[in-house]
Amino acid sequence: MIKLYKIINLNDKEWKLNKEINTSGRNKKYWFRNNKEEVLFKFIKPNTREHVSEKIAYEIGELLNISVAKYDFANLNNNEGSISYNFKEKESNIEYFEIVKFIMDEYPNYDFNTMKNENNGKDYSFELCLEILEHLNGEDLIEDYISMILFDALIGNSDRHHSNWGLYNKKDKYYFAPLYDHSPSLGFNLTDKKIKQFYKDKRYQNSVLYSNSKSLLKLNDRNIRRHFDIVKYLKNHYKDILMNFNYNLKRDLNDDNIEEIINNIPTKIIDEFYKRFNS
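39 is the number of the first residue of the sequence shown in the numbering used here; add one for each residue after it.
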């Protein structure tokens, strides 16, 4: 059943620009608030469909019971974009920390901008984050960590950096907060010409899905970044977690509900041609 996703108009009187909150990241972003909630509006880069990737990733996460920050389509001064809802303010007795905070606490020489540590080679990697999580008092941290990586492989997320995932702290116990910032995924930057090539050229199709689908969160010992190779590694070392993820994938994600997600996107956001690519 088609039920078109809403497009939030941030020019409506109910929304007020919140100038007190700073944002990090490369894209231009603004916090807005109404009398119920706070949202972060993000403009899309030219010639991309980042807002579509954010929305689809959120809906897939919902189906797979993976905690992902809620996203909606939005419009600000006739500019298309997306909004994410502030998940950090729901409970006052819970603190949120990006994973980079724990890395820099443990390794003060870790460079925030380069994500490298020239002193000891402890660069941003699967192993480094695993080490950090293993030393924290938490609930299901390793399983949620592996599930995050598998989710990124599923949607082809290329930018899981140290500031777009983190942990909640409640009474000195840590657990995963909702994932966010999935704009660089799901063919977000493919032009119409490239999409046509995707359907006609098997080699190009394989390069999009396998060869060039890479993660920022590398396997450090071999500098492996391809999602496909990372999943093979996880199958050998975290088989039970991968099997559970795969079970949920087969049970909860199918052609019908993927098509429903795509068809619920208003045609003013994407045309039927691009819908076909993502379905």
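All C-beta atoms in this analysis are idealised placements derived from N, C-alpha and C, irrespective of residue type, glycine included. Nothing here was measured: the structure is a model prediction, and the numbers come from that model.
Contact set for residue i: own chain, Cβ-Cβ below 6 Å, skip 5 residues either direction
i      : result
Arg264 : Lys252
Asn301 : Ile40
Tyr145 : Asn155, Lys160
Leu102 : Asn286, Asp290
Ala191 : His265, Val269
Phe189 : Ile104
Gly176 : Tyr212, Tyr213
Asp197 : Pro222, Leu254
Gln243 : Phe236
Lys208 : Ile132
Nearest to residue i (by Cα), restricted to the options the options
i      : options                       : result
Ser185 : Val269, Ile82, Lys240         : Val269
Phe214 : Phe135, Ser130, Lys66         : Phe135
Ile296 : Leu224, Lys208, Arg198        : Leu224
Lys67  : Asn73, Lys80, Ile303, Glu75   : Lys80
Asn56  : Asn49, Ile45, Arg71, Asp50    : Arg71
Glu100 : Trp69, Ile303, Ile299, Lys240 : Ile299
Ile279 : Trp53, Asp178, Tyr148, Asp239 : Asp178
Tyr123 : Leu166, Asn227, Trp69         : Trp69
Cut-off 7 Å between Cβ atoms - residues of its own chain near residue i, not counting five sequence neighbours on either side
i      : result
His220 : Ser91, Glu92, Ala95, Ile193, Asn195
Ile82  : Glu88, His89, Glu118, Gly119
Ile308 : Arg87, Val90
Local conformation of residue i per DSSP, three classes
i      : result
Phe70  : strand
Ile104 : coil
Ala95  : helix
Ser253 : strand
Ala215 : coil
Asn244 : helix
Phe150 : coil
Ser223 : coil
Asn47  : strand
Asp239 : coil
Leu228 : coil
Ala298 : The question names Ala, yet the displayed sequence has Glu at residue 298. DSSP places Glu298 in helix when its eight states are reduced to three.
Ile308 : coil
Neighbour-count burial assignment, residue i, 16 or more Cβ in a 10 Å radius
i      : result
Tyr237 : exposed
Phe150 : exposed
Leu217 : buried
His200 : buried
Ile180 : exposed
Leu255 : buried
Ser163 : buried
Leu42  : exposed
Asp182 : buried
Tyr276 : buried
Tyr248 : exposed
Glu97  : buried
Contacts around residue i, its chain only, beta-carbon distance under 8 Å, and the 5 residues preceding and following it disregarded
i     : result
Asn49 : Asn113, Leu114, Asn115
Next on the checklist: Check whether the stretch 100 to 113 and the stretch 228 to 243 are in contact - that is, three or more C-beta pairs closer than 8 Å.
Outcome noted: no
Checklist entry - Would you call the stretch 136 to 150 and the stretch 196 to 213 in contact, with 3 or more CB pairs under 8 Å? => result yes
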